[in-house]
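First residue of the sequence shown: 4, per the numbering used here; consecutive thereafter. Backbone N, C-alpha and C define an ideal beta-carbon position, used for all residues, glycine too. Model, not experiment: these values are computed from the prediction. First comes the structure, then the notes that go with it.
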Amino acid sequence: MDGREELTAQQTALYDRQIRVWGVDAQKKLSKAHILVSGLNGTAVEFCKNIVLAGVGSLTLMDDHKVTEDAIQANFLIPPYEVKDNGSSLADLCCDSLTEFNPMVHVSVEKGDLAQCNEEFFDKFDAVVVSSCSLENKKAIDEKCRRRPKRIAFYSIGCRDSCGEIFVDLQDYTYKKKKPESKANATAATTAQSESNADSLQENSQVVCHLQYPSLKEAVSLPWRELPRKMTRLYYAMRVIEKFESSEGRSLGDTSISDLPAVLKMRKEICEAQSFNEMHVPTGLLERLLAAGNKEYPPVCAILGGILGQVLGCNLFIKITAPNHNNIKNNSRELKIWSVGTDLP
């Protein structure tokens, strides 16, 4: 039976180009996937746009915050006139816009705080994407995903000014890649294989690989001295500011340049505890991130949202290539992080 028969004629016509790229099976899996996104900042809505246009089965949004001027600057799903509006939440407004983008995708809104939801709530989702929340809440959400009977992928995405990062936890992940083979052997095998056995040849040319991901809690507790020497300075700067916000009881992005002396003191304490050179956490970068607060740079939001949309699709639905991350190996586990920035000092 042709796999396309499980897609409606309308779906096949609408998604024809991407079906040609990643195949019918991947599109069918995508059309059955249920994704939850909590925190609708600029990076998160870019991701939402991408998966809705790609034809995800359903998308659930969580963000009870009201619209502000700052939100409109980075969130293109909010019509400008809504800043004076009726009291609708960010999730409600984004839901309406995303539904217009692709009426074939079921987009819904869930009220409340994701960190306070019971563990059973997560069972209806294949992947959870969080943004605009504290590190402690991210850890708690990730742990709830890991404790469920089925594997629930966890993604964290965020942007400060023109800098941003993505964290991925796929728990136990299996994928396929091509076997290393000499050119001569590959040519001989291809010549000897008849067209009727082409699928068998492709299957035999692939090997199954396995990765075990650490939780967010494990990842951020990894000693800095054990990280690669070429690790981006943005990673360390983000951790320092997260620690400062947590110790001061601040919400995410509630910072200003006036916090610099306290943050430099925090940097010194962390680096001493880590036996790490403070020069790897530049003062100029900390100044820039503090001054930005919770403001985002739309072009970087688009980059991060595009990366996450592509990666989530490859991770959950295609599974034929290795995850394209910055790999940090530790005790047979791999920490997956993207850090994106422009003109880092």
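Under the three-state reduction of DSSP, which class applies to residue i: helix, strand or coil?
{"i": "I160", "result": "strand"}
{"i": "L263", "result": "helix"}
{"i": "G296", "result": "coil"}
{"i": "G167", "result": "strand"}
{"i": "K182", "result": "coil"}
{"i": "T63", "result": "strand"}
{"i": "T177", "result": "strand"}
{"i": "L80", "result": "coil"}
{"i": "G287", "result": "helix"}
{"i": "T258", "result": "coil"}
{"i": "T15", "result": "helix"}
{"i": "R232", "result": "coil"}
{"i": "C120", "result": "coil"}
{"i": "F279", "result": "coil"}
{"i": "N200", "result": "With a pLDDT of 47 at N200, under the threshold of 50, the modelled position of this residue cannot be trusted; read the value that follows with caution. Helix."}
{"i": "L10", "result": "coil"}
{"i": "D99", "result": "helix"}
{"i": "S218", "result": "coil"}
Pick out whichever of the options has its Cα sitting closest to the Cα of residue i.
{"i": "L267", "options": "L255, P285 and G256", "result": "P285"}
{"i": "Y158", "options": "L39, V131 and Y178", "result": "V131"}
{"i": "D262", "options": "C274, A240 and L293", "result": "L293"}
{"i": "K298", "options": "T15, H213, G167 and C317", "result": "G167"}
{"i": "C98", "options": "R151, E139, P83 and V40", "result": "V40"}
{"i": "Y176", "options": "P217, E139, P301 and I160", "result": "P217"}
{"i": "K179", "options": "R151, K153 and S208", "result": "S208"}
{"i": "F50", "options": "L307, N318 and C317", "result": "L307"}
{"i": "E9", "options": "S34, V24 and R23", "result": "S34"}
{"i": "W227", "options": "C274, I244 and M269", "result": "C274"}
{"i": "V358", "options": "P301, D145 and F170", "result": "Outside the shown range of the chain (4 to 348) lies residue 358, about which nothing can therefore be said."}
{"i": "S137", "options": "A295, G256 and L80", "result": "G256"}
{"i": "L219", "options": "F125, Q174, S250 and I244", "result": "Q174"}
{"i": "P360", "options": "E229, R163, V210 and D164", "result": "This structure leaves residue 360 out entirely; the chain is present only between 4 and 348."}
{"i": "D164", "options": "I54, V133, E139 and T46", "result": "T46"}
{"i": "A16", "options": "M107, L101 and G42", "result": "M107"}
Check the DSSP bridge columns for residue i and list the partner residues they point to.
{"i": "D2", "result": "Given that the chain is displayed from residue 4 to residue 348, the structure contains no residue 2 and the question cannot be resolved."}
{"i": "K69", "result": "S92"}
What residue range does the alpha helix (DSSP H) around residue i cover?
{"i": "V243", "result": "R236 to E251"}
{"i": "V314", "result": "P301 to G316"}
{"i": "S224", "result": "Looking at the DSSP string, S224 is not in any alpha helix (DSSP H), and its letter there is neither H nor E."}
{"i": "V24", "result": "D19 to W25"}
{"i": "V55", "result": "G45 to A57"}
{"i": "D145", "result": "L138 to R149"}
Starting from residue i and walking both ways along the beta strand (DSSP E), at which residues does that stretch end?
{"i": "I38", "result": "H37 to S41"}
{"i": "L214", "result": "Q209 to Q215"}
{"i": "A130", "result": "A130 to V133"}
{"i": "H109", "result": "H109 to V112"}
With 16 other CB atoms within 10 Å as the buried threshold, where does residue i fall?
{"i": "E72", "result": "exposed"}
{"i": "I260", "result": "exposed"}
{"i": "T258", "result": "buried"}
{"i": "N121", "result": "exposed"}
{"i": "G312", "result": "buried"}
{"i": "N280", "result": "exposed"}
{"i": "E248", "result": "buried"}
{"i": "H109", "result": "exposed"}
{"i": "G252", "result": "exposed"}
{"i": "R20", "result": "exposed"}
{"i": "C212", "result": "exposed"}
{"i": "T11", "result": "exposed"}
{"i": "M282", "result": "exposed"}
{"i": "N270", "result": "The amino acid at residue 270 is misidentified as Asn; the sequence shows Arg. Label assigned to R270: buried."}
{"i": "V59", "result": "buried"}
{"i": "A276", "result": "exposed"}
{"i": "Q119", "result": "exposed"}
{"i": "K233", "result": "exposed"}
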